[in-house]
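Chains A and B, in that order, are what the protein sequence lines are.
If you read the first sequence in the working numbering, its first letter stands for residue 1, the second for the next number, and so on.
If you read the second sequence in the working numbering, its first letter stands for residue 331, the second for the next number, and so on.
Cβ coordinates follow ideal geometry from the N, Cα and C atoms, glycine included.
Below you'll find the structure, written out as structure tokens, and then a few comments.
Number of protein chains: 2
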Amino acid sequence: MSGHIRIGIYGYGNLGKGVECAVKQNPDMELAAVFTRRDPKSLSVLTEGVGVYRAEDAAAMQDKVDVMILCGGSATDLPTQTPKLARYFHVIDSFDTHAKIPEHFAAVDAAAKESGKIAVISCGWDPGMFSLNRLYAGAILPRGCDYTFWGKGVSQGHSDAVRRIPGVADARQYTIPVPEALERVRSGENPKLSTRQKHTRECFVVAEEGADRARIEEEIKTMPNYFADYDTTVHFIDAEEMREEHSGIPHGGFVIRSGRTGWEEEYGNVIEYSLKLDSNPAFTASVLAAYARAAYRMAKEGQQGCKTVFDVAPAYLSPLDKETLRRSML
Amino acid sequence: MSGHIRIGIYGYGNLGKGVECAVKQNPDMELAAVFTRRDPKSLSVLTEGVGVYRAEDAAAMQDKVDVMILCGGSATDLPTQTPKLARYFHVIDSFDTHAKIPEHFAAVDAAAKESGKIAVISCGWDPGMFSLNRLYAGAILPRGCDYTFWGKGVSQGHSDAVRRIPGVADARQYTIPVPEALERVRSGENPKLSTRQKHTRECFVVAEEGADRARIEEEIKTMPNYFADYDTTVHFIDAEEMREEHSGIPHGGFVIRSGRTGWEEEYGNVIEYSLKLDSNPAFTASVLAAYARAAYRMAKEGQQGCKTVFDVAPAYLSPLDKETLRRSML
Numbered sequence: 001m002s003g004h005i006r007i008g009i010y011g012y013g014n015l016g017k018g019v020e021c022a023v024k025q026n027p028d029m030e031l032a033a034v035f036t037r038r039d040p041k042s043l044s045v046l047t048e049g050v051g052v053y054r055a056e057d058a059a060a061m062q063d064k065v066d067v068m069i070l071c072g073g074s075a076t077d078l079p080t081q082t083p084k085l086a087r088y089f090h091v092i093d094s095f096d097t098h099a100k101i102p103e104h105f106a107a108v109d110a111a112a113k114e115s116g117k118i119a120v121i122s123c124g125w126d127p128g129m130f131s132l133n134r135l136y137a138g139a140i141l142p143r144g145c146d147y148t149f150w151g152k153g154v155s156q157g158h159s160d161a162v163r164r165i166p167g168v169a170d171a172r173q174y175t176i177p178v179p180e181a182l183e184r185v186r187s188g189e190n191p192k193l194s195t196r197q198k199h200t201r202e203c204f205v206v207a208e209e210g211a212d213r214a215r216i217e218e219e220i221k222t223m224p225n226y227f228a229d230y231d232t233t234v235h236f237i238d239a240e241e242m243r244e245e246h247s248g249i250p251h252g253g254f255v256i257r258s259g260r261t262g263w264e265e266e267y268g269n270v271i272e273y274s275l276k277l278d279s280n281p282a283f284t285a286s287v288l289a290a291y292a293r294a295a296y297r298m299a300k301e302g303q304q305g306c307k308t309v310f311d312v313a314p315a316y317l318s319p320l321d322k323e324t325l326r327r328s329m330l
Numbered sequence: 331m332s333g334h335i336r337i338g339i340y341g342y343g344n345l346g347k348g349v350e351c352a353v354k355q356n357p358d359m360e361l362a363a364v365f366t367r368r369d370p371k372s373l374s375v376l377t378e379g380v381g382v383y384r385a386e387d388a389a390a391m392q393d394k395v396d397v398m399i400l401c402g403g404s405a406t407d408l409p410t411q412t413p414k415l416a417r418y419f420h421v422i423d424s425f426d427t428h429a430k431i432p433e434h435f436a437a438v439d440a441a442a443k444e445s446g447k448i449a450v451i452s453c454g455w456d457p458g459m460f461s462l463n464r465l466y467a468g469a470i471l472p473r474g475c476d477y478t479f480w481g482k483g484v485s486q487g488h489s490d491a492v493r494r495i496p497g498v499a500d501a502r503q504y505t506i507p508v509p510e511a512l513e514r515v516r517s518g519e520n521p522k523l524s525t526r527q528k529h530t531r532e533c534f535v536v537a538e539e540g541a542d543r544a545r546i547e548e549e550i551k552t553m554p555n556y557f558a559d560y561d562t563t564v565h566f567i568d569a570e571e572m573r574e575e576h577s578g579i580p581h582g583g584f585v586i587r588s589g590r591t592g593w594e595e596e597y598g599n600v601i602e603y604s605l606k607l608d609s610n611p612a613f614t615a616s617v618l619a620a621y622a623r624a625a626y627r628m629a630k631e632g633q634q635g636c637k638t639v640f641d642v643a644p645a646y647l648s649p650l651d652k653e654t655l656r657r658s659m660l
């Protein structure tokens, strides 16, 4: 397997498993090792012959892994893990706390510059592919408006928030774009849309026995930040229906820029990018894998420090060489 | 206006005018000069105070123009003009003869490397933004199928082909994606689609007085390469209706990749990019202007030679600096 990009997975939840699947689909990559904070013996991975190691032993395996893909969470894992691991590996993460990206970038950049490694942070679809589309569309159509719609899909944060309400045994929350808002945006009228006009929220809740459902519904619908600004529907279902109908993690959304061209801005233009994903973590993982390839190649050219999707020339992502790309894809 | 990117326009047809409009929308650019093969005195441009010069005098104005945007045609203009002007300027073109891109790239690359200039060829939307979306989507979803649909929009090449038929005074041809084909692709079934199943063609024809309309219709519908493989509708209209209803140059289309993720490829994913453009040349010109900015910045960093959209990191396209981009768009 010489010449392959040796990928390490750091954290083996839904996202880590997704990266494992993505590596399987990319013939120029191989899975070198999986690192976990759990007992490595308790964990069995899908790829035959791949070792599972303790997270704290990662640094010792510097010569076995080319690119480490970090699959932890943005709240507490990545802010410390990404800078730490950038001292030993080229690293990729999907840090998605938009407001804290500048801070995270600075920490990772300092670490990566010291070690001479490359890091690509905030890869995925938002931040990630959606961000790229906002940038491209904004650069092409300076006179226009941006709209991002999310869904239909499961929001883990909102599902968790509902689960924390007393009397709730399980919950799943779907974010849904309002079809009329999408149509108005696509028509080019550049509407001003309130939070409530853009998305609705739909909750499926398994209540504990004897719990006051009216009270639960009221608590959901009035929850500040999460639900109060939205039209929310609450459905009470049983555990079996939850398992059968709502165990997937689909997601997706739309990035639309509507802008004007022409001397008097007489021409309308709509640029739309959309995703429809059966599995949010499997897709995010596929983006991470593509940026692992990019990081590996950019490092070979001597580049170092922290990058984002904005800094990565598209050709680095494809397994095809530039001549083939020009001939077959341009 | 110091510090502005001084743009030259080489060729002042629909595309050249579009570039002029795009420059007006970008506060970091200014239009420095327009070059034409016609008599410069016969040409009046929209921007106040901008000089019009003879095409052959361009080289003498090397110190007045930072980036020259070539607005000629791909058949005979750009293959000679882009390499020639790359000896004096950073150049941008929209060369769109897909099969000849490798040859054009080689000629422009040699010229630009000799002069130390930078060139970005084949910018626009196809090749251009559509190509980028094919590349990104293919890198993220290695197991999948690509689909490109064009339209609804005016095809200049097909309109010209109809106009060459004896008895035709004027003609406009629209390329239209078949809605059922689009829906099948979006559903994730990855259908094999014939040429006829993907697009239909609709022609509006002004016949000369006394011309045999049945013969014209038959000649259109059976024309090899252009129409024979499609279901084509022909409408005969009068010159007034042509002027009132069909004088615009709208276009657009869809790039869709449908691919599978998961260990057993159990998850479907659809990535869709679409454009809806009131004016094809005005939009193409807006893409050219954004890549002129990119070329200018890449040149400042010492890069040279021929590039395509695949080689340009997205951040170069935006007027915003990288820190602002990370904070506001990621």
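- The continuous beta strand (DSSP E) containing residue 500 (chain B) extends over residues 498-507.
- Here the stretch 403-412 of chain B makes no contact with the stretch 583-596 of chain B; the two share fewer than three CB pairs at distances below 8 Å.
- In this structure, the beta-carbon distance from residue 52 (chain A) to residue 20 (chain A) does not fall below 8 Å.
- DSSP places residue 525 (chain B) in no beta strand (DSSP E) but in the uninterrupted alpha helix (DSSP H) bounded by 525-528.
- Bounds of any alpha helix (DSSP H) do not take in residue 368 (chain B), whose DSSP letter is neither H nor E.
- Chain A has no Cβ within less than 8 Å of the Cβ of residue 633 (chain B).
- Residue state for residue 340 (chain B) is assigned as strand, using DSSP reduced to three classes.
- Contact between the stretch 497-505 of chain B and the stretch 615-630 of chain B is absent: fewer than three C-beta pairs spanning the two stretches fall below 8 Å.
- Straight-line spacing of the CA atoms in residue 553 (chain B) and residue 132 (chain A) works out to 42 Å.
- Look at the beta carbons and you see the stretch 268-280 of chain A touching the stretch 235-251 of chain A: at least three pairs across the two are nearer than 8 Å.
- Pairing residue 255 (chain A) with residue 130 (chain A) gives a Cβ-Cβ distance under 8 Å.
- Scanning chain A for C-beta atoms nearer than 9 Å to the C-beta of residue 409 (chain B) yields nothing, as the closest lies near 16 Å away.
- For residue 586 (chain B), the enclosing beta strand (DSSP E) begins and ends at 581-591.
- Under the 8 Å Cβ criterion, the stretch 559-568 of chain B does not count as touching the stretch 222-236 of chain A, having fewer than three qualifying pairs.
- When only Cα atoms are considered, residue 283 (chain A) and residue 344 (chain B) end up about 41 Å apart.
- Assigned with DSSP and collapsed to three states, residue 395 (chain B) falls in coil, not helix or strand.
- Within the same chain, and ignoring the five residues on either side of residue 388 (chain B) in sequence, the residues whose Cβ sits closer than 6 Å to its Cβ are 365.
- In this structure, the alpha-carbon of residue 38 (chain A) lies about 21 Å from that of residue 88 (chain A).
- Relative to residue 123 (chain A), the option among A:135, A:107 and A:94 whose CA is nearest is A:94.
- Restricting attention to B:637, B:646 and B:660, the CA atom closest to the CA of residue 431 (chain B) is found in B:637.
- Using a Cβ-Cβ cut-off of 8 Å, residue 378 (chain B) is close to nothing in chain A; its nearest Cβ partner there is about 12 Å away.
- Taken in chain order, the complete alpha helix (DSSP H) segments of 4 residues or longer contained in the stretch 526-557 of chain B are 543-551.
- The beta carbons of residue 91 (chain A) and residue 5 (chain A) sit about 13 Å from each other, so the pair does not count as a contact at 8 Å.
- Listed by position along chain A, the residues whose Cβ is nearer than 8 Å to that of residue 659 (chain B) are 131, 134, 135, 138 and 310.
- Neighbourhood of residue 105 (chain A) in chain B, by CB distance below 8 Å: 656, in chain order.
- Leaving aside the five residues that flank residue 158 (chain A) on each side, the residues in its chain whose CB is nearer than 6 Å to its CB run, in chain order, 173 and 226.
- Using a 10 angstroms sphere on the CB of residue 654 (chain B), the tally of other CB atoms stays under 16, which defines it as exposed.
- For residue 605 (chain B), the neighbours in chain A by C-beta distance under 9 Å run, in chain order, 269, 270, 271 and 272.
- As computed with DSSP, residue 299 (chain A) is found in no beta bridge at all.
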